[in-house]
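Here's the structure we're looking at; comments come further down.
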Amino acid sequence: MAILYCSNWGAPDAWQAAFRAEDPALEFRVWPDSGPREEIDYVLAWHHQQGVLRQYPKLKAIFSLGAGVEKLLLDKELPAGIPIVRMVDRALTVCMTEYVVLHVLRYHRRMPELEALQRRAEWNELETPPAWERKVGILGLGVLGGDAAEKLAVLGFDVAGWSNAPKQITGVKSFTGEKGLAEMLARSEIVVCLLPLTGATRGILNRANFAQMRRGASLINAARGGHVVETDLLAALDSDQVAHATLDVVSEEPLPASHPFWRHPKVTLTPHNASLTWPPTAVKHIVANIRKQQAGQPMSPVVDMAREY
Ligand code: NDP
Ligand code: OXD
1 MAILYCSNWG APDAWQAAFR AEDPALEFRV WPDSGPREEI DYVLAWHHQQ GVLRQYPKLK
61 AIFSLGAGVE KLLLDKELPA GIPIVRMVDR ALTVCMTEYV VLHVLRYHRR MPELEALQRR
121 AEWNELETPP AWERKVGILG LGVLGGDAAE KLAVLGFDVA GWSNAPKQIT GVKSFTGEKG
181 LAEMLARSEI VVCLLPLTGA TRGILNRANF AQMRRGASLI NAARGGHVVE TDLLAALDSD
241 QVAHATLDVV SEEPLPASHP FWRHPKVTLT PHNASLTWPP TAVKHIVANI RKQQAGQPMS
301 PVVDMAREY
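Each residue of the sequence shown is one higher than the one before, counting from 1 in the working numbering.
This is the structure:
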């Protein structure tokens, strides 16, 4: 049984070591040195070269090394009928929740304003309400958004979330549909985006939706740059409709040096490092799915090609 690491991004060493530790019987190969193509059973894909995945006639599953699959789905020559399994990794989830909690607390405790006061050597005791008075809205209540919502609720925040299907998460109000989006945006003082990038969500953080937000709300986008219409965000920041934005992802990565986000006083940037897949825990998810596939059981979560996530 052979698994092929197929990526133009990063080095395979950590993955190879993790697979060796988890299941030494799995033969780990690195594209383009796949050996005889009919020997490849599974592929690990992240930023792969388009068109190569269809070259393996006995392929049983494609494992995305990331949670977001929008780049993988850009490959117009994906082998038909081969399931694509998204990454669900304990470390990825925990680290994303750390990122969201960090930045929600930063806004809740008015740190951007306090930092500006310090730069001006001004002593001003800004008031902060208790967490239960702070309304946080999360776009996307899936693996990552659901965990972040749950942990923010445990910290006492007044949390709501928006998803395709209604959710039951303790302490989290669930909104769905266009009307639900408008209601959730209107109530939220801090909006977090953890949606997948699909045809339905591309450009969702746009002028019309910024206008639906509470005036002076803050935005945290840890999903994909394509969710934000950047000129609309700059206009919303300049008009104070949006007070501040924390962006882990942007439309062009790395962000060009000339981009106004770099020097914008109301923007905090991080270099798409909110959370990274961690091979030692991620391989457990992959190997568990391989065992399911071999036993004829359904793998999870398999990408729904119609919904694009
Ligand atoms: P999931 O698929 O588990 O969750 C997606 C959520 O979005 C679900 O709740 C889903 O609803 C909801 N959703 C999808 N489309 C719509 C829509 N049109 N309207 C309303 N709700 C919608 O994904 P993950 O939580 O695992 O990951 C989310 C994203 O986070 C990834 O796609 C990736 O882009 C990003 N990411 C960013 C990282 C970073 O470092 N910055 C790291 C890892 C991921 P429902 O539950 O009803 O299906
Ligand atoms: C992911 C990412 O999608 O790292 O996993 O962005």
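Where is the CB? At the ideal position from N, CA and C, for every residue including glycine. What you are looking at is a predicted structure, and each value in this text was computed from that prediction instead of being measured.
Sixteen is the threshold: since fewer than 16 other Cβ atoms of the shown chains lie within 10 Å of the Cβ of Glu122, the residue is exposed. In the three-state reduction of the DSSP assignment, Arg29 falls in the strand class. For the pair Tyr107 and Ser188, the CB atoms are not nearer than the 8 Å cut-off. For Asp248, the Cβ falls inside the 7 Å cut-off from some heavy atom of ligand 1. By the CB criterion at 8 Å, Trp278 and Ala91 fall inside the cutoff. Of the other Cβ atoms in all chains shown, fewer than 16 fall within 10 Å of the Cβ of Gly156; this residue is therefore exposed. Checking the 7 Å criterion, the Cβ of Leu276 is within range of a heavy atom belonging to ligand 2.
Exposed is the label assigned to Asn124, since fewer than 16 other Cβ atoms lie within 10 Å of its Cβ. By the Cβ rule, the stretch 91-100 counts as touching the stretch 264-283, because three or more pairs are nearer than 8 Å. Not one heavy atom of ligand 1 is found less than 7 Å from the C-beta of Ser64. Rounded to the nearest whole angstrom, the CA to CA distance from Thr128 to Gln118 is 17 Å. For Gly146, the number of other beta carbons within 10 angstroms of its own is at least 16, and it is reported as buried.
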